[in-house]
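Here's the structure, in structure tokens; my notes come after.
2 protein chains.
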Amino acid sequence: MARWEPDARGRLERAALELYSEQGFDQTTVAEIAKRAGLTKRTFFNHFADKPEVLFWGHEVLREVYETSIADAPASATPLDVLAAALQAAAALHEPRPELIRRRHVVIAAHPALQEREHLKRATVADTITSALHRRGIDEPTARLLGEIGPAVFKVAYDRWVADAAYDGRLGELVADALGSLAEVVTTSAARSATSLL
Amino acid sequence: MARWEPDARGRLERAALELYSEQGFDQTTVAEIAKRAGLTKRTFFNHFADKPEVLFWGHEVLREVYETSIADAPASATPLDVLAAALQAAAALHEPRPELIRRRHVVIAAHPALQEREHLKRATVADTITSALHRRGIDEPTARLLGEIGPAVFKVAYDRWVADAAYDGRLGELVADALGSLAEVVTTSAARSATSLL
DNA sequence: GCAAAGTATTGCACTTGGTGTCATCGCGTA
DNA sequence: TACGCGATGACACCAAGTGCAATACTTTGC
Chain G
961 MARWEPDARG
971 RLERAALELY
981 SEQGFDQTTV
991 AEIAKRAGLT
1001 KRTFFNHFAD
1011 KPEVLFWGHE
1021 VLREVYETSI
1031 ADAPASATPL
1041 DVLAAALQAA
1051 AALHEPRPEL
1061 IRRRHVVIAA
1071 HPALQEREHL
1081 KRATVADTIT
1091 SALHRRGIDE
1101 PTARLLGEIG
1111 PAVFKVAYDR
1121 WVADAAYDGR
1131 LGELVADALG
1141 SLAEVVTTSA
1151 ARSATSLL
Chain W
961 MARWEPDARG
971 RLERAALELY
981 SEQGFDQTTV
991 AEIAKRAGLT
1001 KRTFFNHFAD
1011 KPEVLFWGHE
1021 VLREVYETSI
1031 ADAPASATPL
1041 DVLAAALQAA
1051 AALHEPRPEL
1061 IRRRHVVIAA
1071 HPALQEREHL
1081 KRATVADTIT
1091 SALHRRGIDE
1101 PTARLLGEIG
1111 PAVFKVAYDR
1121 WVADAAYDGR
1131 LGELVADALG
1141 SLAEVVTTSA
1151 ARSATSLL
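For the record, the sequence lines run as chains G and W.
The numbering used here applies: residue 961 is where the first sequence begins, and numbers increase by one.
The numbering used here applies: residue 961 is where the second sequence begins, and numbers increase by one.
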């Protein structure tokens, strides 16, 4: 696929992350990104739909990971077990390059427009989970619920992980933690409700 | 606050919703919206930060509702009970004008840029819930978790509600349903885990 | 080797979103 | 009546994003 110089797309991604980091998202123009990558503005828009999109490779891969890990879970697993396994698979995807992900996270945290895009991507992940669960025979409302809960739980763990380099290599643990808290919070309340019925 | 004609802001909101509905978001220019409202493009941007924002009044109110309903919940309530009460309060806020909300929903569903904004607003709601719970003495990680879970559960109910006019006046029930499913899914799995430990 | 076909890149013109600046209008108040 | 203040408008400007046609390079078939 290589033409003039190989990997135009990758060069644009790297140049964009650098410039967004150095100067901020607003202060960086697309022409500037293209120039640093040795290309032109028009070529940038041939590769990416818009200025934010250049930061959001990865999400295609993420969706595939969810899809396959949910499909491959043992038949005996409960719905929540399946979700847990999928979240662990997603965590494993993040572990290898914490520095890169952290740089990206800082850039996104600094600009609402990028957060918007991130949320939208998260929503597509929710849809992916939902239909993958549904495909296992889980009823639609439950699948939807777990599809929404999954990314929510993951975010809680991810936010802690990304905030402190001391957690490097332990995102999986943090995800397990968050799932544990969920169980605790819900069952505590359920127990109380049951009691109050007596 | 009224000057030439009263309620410039409201006129812009109505004109925008109409035009987005009639022609689509992309096909509508800001100049057009302003013209229908009897104003100019510059005035539009004096009232709203950008083109999407004109659809997202409401969210300020929503945040206040969450804040006060969480603060006012009885001291004896479990964290999940508090969240449930807050979600019911939010539901009550939606009930009165289903047609308007539904029109708005259709417009948003038709365009990614608007969905992005919606997701961002939802995230700010999550933050509001988190800090309101934290202020009740609930520990930070649990508060965060519930802050993320809350809007997720609400969305499941809201999506069903908005999809079918037969649910008018029953959003509260749908929210209760979703919370029930959550408890079921989580406790089922917890029971299995406990069993498997024996 | 060479021509043809295909694809990545570019140049250019154009629309629109969004901002800065300054003038103007209409109202409340001294 | 004069003054101040906030809402509106006119104008110029920059950058995002698109459509279209030209060009540079690569690959394929011969």
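C-beta atoms are modelled at their ideal positions from N, C-alpha and C, and glycine is treated no differently.
By the 16-neighbour rule on beta-carbons within 10 angstroms, W/T1102 is buried. At a beta-carbon threshold of 8 Å, the residues of chain W lying near G/R1077 are E1076, ordered along the chain. Judged by pairs of C-beta atoms under 8 Å, the region 1123–1136 of chain W does not touch the region 1076–1083 of chain G, as fewer than three such pairs exist.
Annotated as proximal: W/P1012 and W/L1074, with beta-carbon spacing under 7 Å.
Sorting G/P1072, G/D1119, G/V990 by C-alpha distance to the C-alpha of W/A1009 places G/P1072 at the top.
Interface with chain W (7 Å Cβ-Cβ cutoff): G/P966 is excluded. Residue W/L1040 holds the alpha-carbon nearest to the alpha-carbon of G/V1145 among W/L1040, W/F985, W/Y1026. Using beta-carbon distances, G/I1098 does not count as an interface residue toward chain W, since no partner is under 7 Å. For G/A1052 against G/G1132, the beta-carbon gap comes to about 7 Å, under 8 Å, which counts as contact.
Within 9 Å of the CB of W/P1101, the CB atoms of chain G belong to V1116, R1120, D1137, A1138, S1141, in sequence order along the chain. Listed in chain order, the positions of the region 1032–1054 of chain G with a beta carbon within less than 7 Å of a beta carbon of chain W are T1038, P1039, L1040, D1041. Here the C-alpha atom of W/I1109 lies approximately 24 Å from the C-alpha atom of G/G1097. For W/T1148, the chain G residues whose Cβ falls inside 7 Å of its Cβ are T1038, in order along the chain. Between the alpha carbons of G/Q987 and G/R1062 lies a gap of roughly 21 Å. Think of a sphere of 8 Å around the beta carbon of G/R1095: no beta carbon from chain W falls inside it, the nearest being about 17 Å out. Annotation: the region 969–1037 of chain W contains the following complete segments of the alpha helix (DSSP H) (minimum length 4 residues), in chain order: 990–996, 1001–1007, 1019–1032. Contact annotation: W/W1121 and W/L1134 have beta-carbon atoms nearer than 7 Å. Listed along chain G, the residues sitting closer than 8 Å to W/L1106 by beta-carbon distance are V1145. Within the same chain, Cβ atoms closer than 8 Å to the Cβ of W/D1087 are found at G1107, the five residues on either side in sequence being excluded. By the criterion of a C-beta distance shorter than 6 Å, G/H1019 is surrounded in its chain by K1081, once the five residues flanking it on both sides are discounted. Nearest neighbour of W/D967 by Cα position, chosen from W/A1143, W/P1056, W/L999, W/S1141, turns out to be W/L999. For the options W/A1044, W/S1036, W/A997, the alpha carbon positioned closest to that of W/E965 is the one of W/A997. With a 10 Å radius around the Cβ and a threshold of 16 neighbouring Cβ atoms, G/T989 comes out exposed. W/P1058: member of the alpha helix (DSSP H) spanning 1058–1069, first to last residue.
Around the beta carbon of G/V1067, 16 or more other beta carbons lie within 10 angstroms, which makes this residue buried. Taking 7 Å as the CB threshold, W/L1080 lines the interface with chain G.
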